[in-house]
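Chains as they are written, first to last, in my numbering: chain A, 1459 to 1676; chain B, 1459 to 1676.
A short write-up of the structure that comes next.
Protein chains: 2
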Amino acid sequence: MKIIILGSGDVARTLGTAFRKLGHDVAISSRDANKDEAQQWAKQAGGQVLSFSQIPADADFYLNCTAGTASLAALEMVSANTLKGKILIDVANPLDFSNGFPPSLSVCNTNSLGEQIQAALPDTRVVKALNTVSNPVMVNPATVPGLHHLPIAGNDAEAKAQVSELLQAFGWSREQILDLGGIEQARGTEGYLMLWVRMFGKFQTPLFNLQWQVAKEN
Amino acid sequence: MKIIILGSGDVARTLGTAFRKLGHDVAISSRDANKDEAQQWAKQAGGQVLSFSQIPADADFYLNCTAGTASLAALEMVSANTLKGKILIDVANPLDFSNGFPPSLSVCNTNSLGEQIQAALPDTRVVKALNTVSNPVMVNPATVPGLHHLPIAGNDAEAKAQVSELLQAFGWSREQILDLGGIEQARGTEGYLMLWVRMFGKFQTPLFNLQWQVAKEN
Chain A
1459 MKIIILGSGD
1469 VARTLGTAFR
1479 KLGHDVAISS
1489 RDANKDEAQQ
1499 WAKQAGGQVL
1509 SFSQIPADAD
1519 FYLNCTAGTA
1529 SLAALEMVSA
1539 NTLKGKILID
1549 VANPLDFSNG
1559 FPPSLSVCNT
1569 NSLGEQIQAA
1579 LPDTRVVKAL
1589 NTVSNPVMVN
1599 PATVPGLHHL
1609 PIAGNDAEAK
1619 AQVSELLQAF
1629 GWSREQILDL
1639 GGIEQARGTE
1649 GYLMLWVRMF
1659 GKFQTPLFNL
1669 QWQVAKEN
Chain B
1459 MKIIILGSGD
1469 VARTLGTAFR
1479 KLGHDVAISS
1489 RDANKDEAQQ
1499 WAKQAGGQVL
1509 SFSQIPADAD
1519 FYLNCTAGTA
1529 SLAALEMVSA
1539 NTLKGKILID
1549 VANPLDFSNG
1559 FPPSLSVCNT
1569 NSLGEQIQAA
1579 LPDTRVVKAL
1589 NTVSNPVMVN
1599 PATVPGLHHL
1609 PIAGNDAEAK
1619 AQVSELLQAF
1629 GWSREQILDL
1639 GGIEQARGTE
1649 GYLMLWVRMF
1659 GKFQTPLFNL
1669 QWQVAKEN
């Protein structure tokens, strides 16, 4: 499959490498395709680096791994129509580090980045996913013990099914992937970052995740 | 021990009954002490009902179980000095149901209800606790399987230790109670409600909680 990742940072490169290991054709992308780190990744992983404006329309999956506060601007640089009808997995969180750690959110509560992206790209099938775990956990859920969970959200059921299959290749089981409903549920999974960043401070490792425990019916 | 609960709703009455069963001297409270539901609770549970203005200064623990959006107004009705030096467990969440379910938060991200209460009552030892689980789980964590967690936050370590002991009487183990740090960490535990309300929608039961799974160190 052909997978194009918007972004060239840690999350983009970690996901890019993991998709390459699964045999996919992968490109990461940036404002400037000549960035050293990105080019170095391309050599090591056997992938490509594109500038946002070069992103083609023929990929099977697109992933938004840009910084959440810069995602809308990055998506504007992608040519119109490129993402029409396509699946865009929104991995980003709108974290605002302007006041240091822990960050706040630049959009939350009555809106979410997932919804903003879906509103900006009404013909794209946006699926919010992977934004609740750190990148080593994204691509290898077994890093963390237990039957921990990955909530996803999006308006298109078929797109969510395809994303779920893609994630299963990383080791996420069907049981671990929880479909919360429409893209507006991203308010919950992004809002959760308010707690995630504090648990990161508490545990002093990003290698954690939550497992829902639910009472059995009587 | 003498325990006074601000509020007379479901959460207040559930906690009140649980404290009565443990043999404590318990009062719930309201703007109007003659409310039918509150008086009925008092008869059944063997507790008292007070108006906010009648709340005495000699209790061992105070709990804020009012609706989060009304908590500051309720606390203003309590006589000045009553809560000076006292432990106030803030159980409330600032849920705004004005646009239906799921609710949004009336304060979040760069502030929290816990912090607002601590700021309004600088001489009170505010401990944010129990706000991340439904009332049946608060008083009986065994309702939910697994070693699920209860995050707490507050500026006073001794107050948190006392609250932890109080919660252990409900069955919360030391291992389950996670001290996140100062009261500003309430931004995380209240912000988590953004996800909680959606998981409630997903699971169709309030009898759930999260368990943190953390990678073992190598």
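Quick reminder that beta carbons are idealized off the backbone N, C-alpha and C, glycines included.
- Residues of the stretch 1650-1663 of chain B whose Cβ lies closer than 9 Å to any Cβ of chain A, in chain order: Tyr1650, Leu1651, Met1652, Leu1653, Trp1654, Val1655, Arg1656, Met1657, Gly1659, Lys1660, Phe1661 and Thr1663.
- Annotation: the continuous alpha helix (DSSP H) that includes A:Ile1575 extends over Leu1571 to Ala1578.
- Taking 7 Å as the threshold, the shortest C-beta distance from A:Gly1604 to chain B falls below it.
- The three-state reading of DSSP puts B:Asn1667 in strand, counting E and B together.
- In terms of Cα proximity to A:Pro1561, the closest of A:Leu1553, A:Asn1567 and A:Phe1666 is A:Leu1553.
- In the structure shown, the three-state DSSP call for A:Val1595 is helix.
- When DSSP reads this structure, A:Lys1544 sits in no beta bridge, so it has no partner.
- Remark: C-beta atoms of A:Ile1641 and A:Gln1574 do not approach each other more closely than 7 Å.
- Contact between the stretch 1490-1504 of chain A and the stretch 1607-1626 of chain A is not established, with fewer than three Cβ pairs separated by less than 8 Å.
- The DSSP-derived three-state label of B:Lys1501 is helix.
- When CB distances to chain A are screened at a threshold of 9 Å, not a single residue of the stretch 1493-1506 of chain B falls below it.
- If you look at A:Leu1521, you'll find it in the beta strand (DSSP E) that goes Phe1519 to Asn1522.
- Close CB contacts of B:Met1657 within its chain, under the 8 Å cut and outside five residues either way in sequence, are with Phe1666 (chain order).
- Per the DSSP secondary-structure output, B:Gly1639 pairs with nothing in a beta bridge.
- Between A:Val1507 and A:Lys1501, the alpha-carbon positions lie close to 10 Å from each other.
- For B:Arg1645, at least one C-beta of chain A is nearer than 7 Å to its own C-beta.
- For the stretch 1618-1637 of chain A, the residues whose beta carbon sits under 7 Å from a beta carbon of chain B are, in order, Leu1636.
- Nearest Cα to B:Gly1629 within the set B:Ala1538, B:Leu1651 and B:Ala1476: B:Ala1476.
- For A:Lys1586, the CB contacts under 7 Å within the same chain, skipping 5 residues up- and downstream, are Asp1548, Gly1572, Ile1610, Ala1611, Gly1612, Ile1641, Ala1644 and Thr1647 in chain order.
- Membership of A:Gln1506 in the beta strand (DSSP E) is indicated by the continuous run Gln1506 to Ser1509.
- Here the C-alpha atom of A:Gly1659 lies approximately 19 Å from the C-alpha atom of B:Lys1618.
- Residue contact check for B:Gln1576 against chain A: no CB pair falls below 7 Å.
- At the C-beta level, A:Asp1468 and A:Asn1593 come within 7 Å of one another.
- Restricting attention to A:Asn1551, A:Ala1503 and A:Leu1546, the CA atom closest to the CA of A:Gly1526 is found in A:Asn1551.
- When Cβ-Cβ separations below 7 Å define contact, B:Ser1564 makes no contact with chain A.
- For A:Arg1478, the secondary structure class from DSSP, reduced to helix, strand or coil, is helix.
- In the assembly as shown, B:Ala1531 is an exposed residue. Its beta-carbon has fewer than 16 other beta-carbons within 10 Å.
- With respect to the C-alpha of B:His1482, the residue from B:Thr1663, B:Phe1661 and B:Leu1624 having the closest C-alpha is B:Leu1624.
- Listed by position along chain A, the residues whose Cβ is nearer than 8 Å to that of B:Asn1567 are Ser1562, Leu1563, Cys1566, Asn1567 and Met1652.
- For the pair A:Leu1464 and A:Thr1540, the CB atoms are not nearer than the 7 Å cut-off.
- Interface annotation, B:Leu1665: in contact with chain A, CB-CB separation under 7 Å.
- A residue is called buried when at least 16 other Cβ atoms come within 10 angstroms of its Cβ; A:Gln1634 meets this threshold and is buried.
- Taking all protein chains in view, the Cβ of B:Gly1505 is crowded by 16 or more other Cβ atoms within 10 Å, so the residue is classified as buried.
- Closer than 7 Å to the CB of B:Leu1668 there is at least one CB belonging to chain A.
- According to DSSP, B:Ser1488 shares a beta bridge with B:Ser1509.
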